[in-house]
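Each remark here refers to the structure printed beneath this line.
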Amino acid sequence: MSFQLICFYAFAAVTVGAALAVISVRSPVHAALCLVLTFFSTACTWLLADAEFLAIALVLVYVGAVMVLFLFVVMMLDLDLDPLREGFVRALPVGLVVAVVMLVEMLGLIGVRTMQLPAPPEPAAAAGMSNTSWLANALFSQFLLPFEVAALILTVAIVAAIPLTLRHRVGVRTQDPGRQVRVKARDRVRIVKMAAEKPAMPADAGETTP
Amino acid sequence: MDSITAAFHWFVSTFPTLSMALGLLLLPLVPLIIGVAMYVWWERKVIGWMHVRMGPNKVGPFGLAQTFADVFKLLLKEVVYPANSNKALFLLAPLWALIPSFAAWAVIPIGPNVAWSNANAGLLFLLAMTSMGVYGIIIAGWASNSRYAMLGAMRSAAQVVSYEIAMGFSLVSVLILAGSLNLSDIVQAQAGGKGLFDWFWLPLLPMFVIYFVSGVAETNRAPFDVAEGESEIVAGFHVEYSGAPFAVFFLTEYANMILVSFLAPILFLGGWLSPFPASWGLLGEPGWWWLCAKAFFFATAYVWFRASFPRYRYDQIMRLGWKVFIPITIVWVFVAGCMKYFGWVTTGA
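These protein sequence lines map, in sequence, to chains A and B. The first sequence begins at 1 in our numbering and counts up one residue at a time. The second sequence begins at 211 in our numbering and counts up one residue at a time.
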């Protein structure tokens with residue numbers, strides 16, 4: 001058994017264990033952290049398969065950004081756990097059916113891949129460049145239009161999400177940074193030139209009066 | 211002492227591969243930790259001078275041993291767990307902050323192809339690692355079971371995620387010009403006969419500024435240190451931490467600052483390349499000392515900012531990140547693309 005295979009089994013075991021923990025641990029924060037671990041160990045298995053760009057992008061996007069915001073929300077909400085756990089037994093058959101269908105589909109996919117003998121050579125290695133640059137070349141030449149369309153759809157989704165959550169509340173006092181920046185000193189402070197004058201009473205008398 | 215030496219020899223001879231791996235792992239870490247200690251001393255000295263004080267000067271020559279004394283004091287202190295805190299996560303949080311910040315050092319090159327790992331996707335790896343460090347802060351805030359710690363963690367998470375976008379775009383413009391994600395290749399792409407005018411800071415000047423300011427914001431340092439915000443939320447996410455876990459957070463913060471100080475020259479100021487033409491003899495030679503000198507400048511700039519600027523208001527930080535930096539970076543990515551396409555910038559020697 002090669003070292004790489006041992007690593008694969010170790011990462012795969014951690015992935016499966018963490019994925020199980022996501023749906024079984026009590027606290028939602030722990031579940032979210034287990035999901036982080038699932039993503040990370042999945043990225044490790046991808047690295048073993050020489051898919052370095054995909055693996056690091058998974059860590060960057062899902063672990064570094066998506067799950068941070070997810071955790072953010074889960075920590076802010078004080079979730080009441082009991083109603084969430086009530087539906088577990090009722091939803092179990094549906095979940096099992098979905099899981100079995102997904103398993104069959106995945107096995108079918110793996111079966112189709114293994115039937116293609118001999119296996120096609122890895123395109124990046126065949127082209128003699130690193131996985132990352134091969135992917136970039138493919139995305140920006142062969143698949144430019146689908147790539148741009150996907151980017152456009154994502155941008156529209158972002159723009160759509162903002163109007164959906166944007167509410168104009170009346171009577172809220174907010175700062176207008178533009179007006180703050182435009183303010184000049186003479187709008188706020190008046191400088192008065194006057195001759196020095198002697199106080200009418202002794203200097204320490206003013207301090208004792210409240 | 212003899213028994214320790216004997217045990218060491220036995221270990222090295224019995225597990226040659228393992229001890230080599232351990233030694234190679236310690237190779238970048240030991241200088242980093244000593245560098246952090248020296249940096250803390252330098253920060254206290256510089257801030258002292260800017261305040262017209264002496265700074266630490268009692269422990270050791272010029273007060274150099276002050277940081278080590280502080281570290282040993284911290285390590286010997288009791289670790290206090292807040293009531294009803296989540297103990298496992300409370301202890302996991304500092305480690306989760308520390309490990310990515312150390313792992314990021316794996317791809318930093320100090321010379322042509324002299325790096326722990328000369329990975330092809332080095333820049334991407336760096337981004338991934340630095341974005342993972344924020345978990346340590348969030349988990350620390352949550353596991354402390356304290357309002358102040360939670361507020362600090364929330365501020366930090368929002369700030370890091372926001373500034374990561376601007377930082378990511380400025381890195382995109384660098385990799386458009388360099389045409390590679392490999393950090394060694396990025397430095398080599400800045401080589402040329404014109405010395406420092408061949409480096410990327412000139413065509414990418416706005417990105418260079420934005421990168422370093424975002425780096426300051428990402429490491430939660432002054433003037434963007436609202437995550438700590440002593441005047442409002444006591445000490446933010448690490449208010450409940452004491453002893454060794456606090457020392458680990460401290461180490462992480464300074465290791466991250468040194469990392470940003472090394473990345474700024476690698477990406478924009480020609481890394482180990484000399485600013486002078488090659489005809490100047492020794493001064494024109496490229497070498498790791500140039501990288502260290504440039505990194506020292508940025509590390510000092512961190513301290514300089516801290517002693518000079520008042521803290522930003524939180525909404526101003528968010529406004530700067532989202533409404534100023536991100537639009538500028540998006541435009542400049544396009545400009546960098548034009549520079550590359552029309553050949554206005556020469557890359558490589």
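Heads up, the beta-carbon is just placed ideally off N, CA and C, and yes, glycines get one too.
{"Check": "Can you give me the C-alpha to C-alpha distance between Ala-538(B) and Pro-199(A), rounded to a whole angstrom?", "Outcome": "The question names Ala, but residue 538(B) is Ile in the sequence shown. One C-alpha to the other measures close to 57 Å."}
{"Check": "Measuring CA to CA, which of Ile-536(B), Pro-487(B), Arg-529(B) and Trp-315(B) is closest to Gly-332(B)?", "Outcome": "Trp-315(B)"}
{"Check": "Pull out every residue of the segment 319-340 of chain B whose Cβ sits closer than 7 Å to any Cβ of chain A, in chain order.", "Outcome": "Asn-330, Ala-331, Leu-334, Phe-335, Leu-337 and Ala-338"}
{"Check": "List, in order along the chain, the chain B residues whose C-beta lies closer than 7 Å to that of Glu-52(A)?", "Outcome": "Asn-330 and Ala-331"}
{"Check": "So Ser-130(A) contacts chain B; which residues on that side make the cut at Cβ distance below 7 Å?", "Outcome": "Asn-330"}
{"Check": "Is the shortest distance between the beta-carbon of Met-106(A) and the beta-carbons of chain B less than 8 Å?", "Outcome": "no"}
{"Check": "So, are the CB atoms of Gly-480(B) and Val-541(B) less than 8 Å apart?", "Outcome": "no"}
{"Check": "Within a Cβ cutoff of 7 Å, which residues of the same chain sit near Ser-356(B), ignoring the five residues on either side of it in sequence?", "Outcome": "Pro-292, Val-449 and Glu-450"}
{"Check": "Taking the straight line between their C-alpha atoms, what separation do you get for Leu-164(A) and Leu-236(B)?", "Outcome": "51 Å"}
{"Check": "Can you look up Gly-321(B) in the DSSP assignment and give me helix, strand or coil?", "Outcome": "strand"}
{"Check": "To which residues of the same chain is Phe-456(B) closer than 7 Å at the C-beta, ignoring the five residues directly before and after it?", "Outcome": "Leu-284 and His-448"}
{"Check": "Three or more beta-carbon pairs under 8 Å between the segment 44-64 of chain A and the segment 335-350 of chain B, yes or no?", "Outcome": "yes"}
{"Check": "Determine whether the beta carbon atoms of Ala-437(B) and Ile-347(B) lie at a separation below 8 Å.", "Outcome": "yes"}
{"Check": "How would you call Asn-137(A), buried or exposed, if buried means at least 16 neighbouring beta carbons within 10 angstroms?", "Outcome": "exposed"}
{"Check": "Whole-angstrom Cβ separation of Leu-381(B) and Thr-132(A), contact assumed at under 8 Å?", "Outcome": "Rounded, the Cβ-Cβ distance is 14 Å, inconsistent with contact."}
{"Check": "Would Asn-466(B) be called buried (16 or more neighbouring beta carbons within 10 Å of its own) or exposed?", "Outcome": "buried"}
{"Check": "Strictly below 7 Å CB to CB, what residues from chain A border Leu-391(B)?", "Outcome": "Thr-132"}
{"Check": "By how many angstroms is the C-alpha of Leu-492(B) removed from the C-alpha of Thr-557(B)?", "Outcome": "24 Å"}
{"Check": "Which residues in chain A have a C-beta closer than 8 Å to the C-beta of Ile-348(B)? List them in chain order.", "Outcome": "Val-68, Leu-71, Phe-72 and Met-75"}
{"Check": "In chain A, which residues lie with their C-beta within 7 Å of the C-beta of Val-281(B)?", "Outcome": "Ordered by position in chain A, no residue passes the 7 Å Cβ test against Val-281(B), which lies about 29 Å from the chain."}
{"Check": "Within 10 Å of its beta-carbon, does Met-76(A) have 16 or more other beta-carbons around it, so buried, or fewer, so exposed?", "Outcome": "exposed"}
{"Check": "What's the call for Phe-422(B), buried or exposed, on a 16-neighbour Cβ count within 10 Å?", "Outcome": "buried"}
{"Check": "Report yes if the CB atom of Thr-277(B) is closer than 8 Å to the CB atom of Trp-251(B), and no otherwise.", "Outcome": "yes"}
{"Check": "Give the range of the alpha helix (DSSP H) segment to which His-30(A) is assigned.", "Outcome": "28-48"}
{"Check": "Could you check the C-alpha separation between Leu-103(A) and His-219(B) for me, to the nearest Å?", "Outcome": "52 Å"}
{"Check": "Can you tell me where the alpha helix (DSSP H) holding Leu-285(B) begins and where it ends?", "Outcome": "276-286"}
{"Check": "Just to confirm the assignment, what range does the alpha helix (DSSP H) spanning Arg-529(B) have?", "Outcome": "524-529"}
{"Check": "Among residues of its own chain, excluding the 5 on either side of Pro-487(B), which ones have a beta-carbon nearer than 6 Å to its beta-carbon?", "Outcome": "Gly-405 and Gly-494"}
{"Check": "Quick one: residues in its chain with C-beta nearer than 7 Å to the C-beta of Ala-454(B), no 5 flanking neighbours on either side, listed in chain order?", "Outcome": "Leu-284, Leu-285 and Val-289"}
{"Check": "Do Val-458(B) and Pro-304(B) count as a contact pair if the criterion is CB distance below 8 Å?", "Outcome": "yes"}
{"Check": "For a contact defined as C-beta to C-beta under 9 Å, what are the partners of Val-371(B) on chain A?", "Outcome": "Gly-64, Ala-65, Val-68, Leu-69 and Phe-72"}
{"Check": "Report the neighbours of Trp-532(B) on chain A: residues whose CB is nearer than 7 Å to its CB, in chain order.", "Outcome": "By Cβ distance, chain A contributes nothing, its closest Cβ being about 12 Å from Trp-532(B), past 7 Å."}
{"Check": "Find out if the Cβ-Cβ distance for the pair Tyr-345(B), Gly-446(B) is shorter than 8 Å.", "Outcome": "no"}
{"Check": "Output needed for Val-22(A): all residues of its chain with C-beta closer than 6 Å, excluding positions within five of it in sequence on either side, in chain order.", "Outcome": "Ala-31, Cys-34 and Leu-35"}
{"Check": "May I have the straight-line CA-CA distance separating Phe-53(A) from Lys-533(B), to the nearest angstrom?", "Outcome": "30 Å"}
{"Check": "Please compile the residues from chain A whose C-beta is within a distance smaller than 7 Å of the C-beta of Met-549(B).", "Outcome": "Near Met-549(B) there are no residues of chain A at all, since even the closest Cβ is about 17 Å away, more than 7 Å."}
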